[in-house]
């Protein structure tokens, strides 16, 4: 009897061992497949070959809307890279750079500001151009249709401060036409000028064409003839203090690509 029981136990053990072998082999194959497919066992990053980086880009106020669109496009085509923008007047951005604020790239609304930071930046590239227009209040009650109308003392005109690129351009074109304007205020950036007109706190102001276009029917845009106008150039450069120099250089280079140029030109900026 004991011999029979021992024989049955031995047979059962042998059968169990035989069944476990293929199950073990099957499990090993699944692990390999999971590794190959990037499943839980995979150790490779989702975007192999792409160095993840979080970039901080200091950019002129007039680039606020278009750069938000450009940043989304860049992140989509460069997985792993995040782009954060800090917008302000170019003179404010220059002050931030000189104070050592952590950032990776800079885009100003004029070459003069960028040239003043030669020790802080690498070689800049012009990525776009812009022109000035008169932004008149809704329905343009004073019927402003040319620069000389801004000299009328009944019209409340707001300009950017002379140290701001758009303020410097404004002074340049008014002086060239010998038009004397006494602004009711001088603002720190072009968006502040536009806001004053939109809110009815001023009757007119000189702003970039791209900014006025974004206001829709909040303001009336009055074009300035080319021979009386100024061309604003937008240089972009990486900062020498950047801790993401390779990724920053890639972003600045991308701004000159057909994809980025289409975004800029669709927003009203001119070719560099």
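Numbering (the working numbering), first residue to last: 2 to 273.
The beta carbon of each residue, even a glycine, is placed where N, CA and C say it ideally should be.
Just so you know, these numbers come straight off a predicted model, no measurement behind them.
Query, Result
"Does the segment 139-152 come into contact with the segment 219-230, if we say contact requires no fewer than three beta-carbon pairs (one atom in each stretch) closer than 8 Å?", "yes"
"Return yes when the Cβ of residue 212 is within less than 7 Å of the Cβ of residue 156, no when it is not.", "no"
"Helix, strand or coil: which one does DSSP assign to residue 87?", "strand"
"So is residue 69 in contact with chain B if we call contact Cβ pairs under 7 Å?", "Here chain B cannot be found, since the structure has a single protein chain."
"Counting Cβ pairs closer than 8 Å, one from the segment 190-203 and one from the segment 250-266, do we hit at least three?", "no"
"Report yes if the C-beta distance between residue 90 and residue 189 is below 7 Å; otherwise report no.", "yes"
"Between the C-alpha atoms of residue 272 and residue 262, what's the straight-line distance to the nearest angstrom?", "8 Å"
"Give me the Cβ distance between residue 233 and residue 111, rounded to the nearest whole Å; I'm assuming they're in contact under 8 Å.", "6 Å"
"What residues in its chain sit with their C-beta under 7 Å from that of residue 114, if we drop five residues either side in the sequence?", "91, 92, 95 and 166"
"Looking at the structure shown, is residue 224 part of a helix, part of a strand, or coil, going by DSSP?", "strand"
"On the three-state DSSP scale, how would you describe residue 119?", "coil"
"Grab the span of the alpha helix (DSSP H) containing residue 193 for me, first residue to last.", "191-199"
"So, is residue 78 buried or exposed, given that buried needs 16 or more other C-beta atoms within 10 angstroms?", "exposed"
"Looking at the secondary structure, which residues open and close the alpha helix (DSSP H) in which residue 175 lies?", "166-177"
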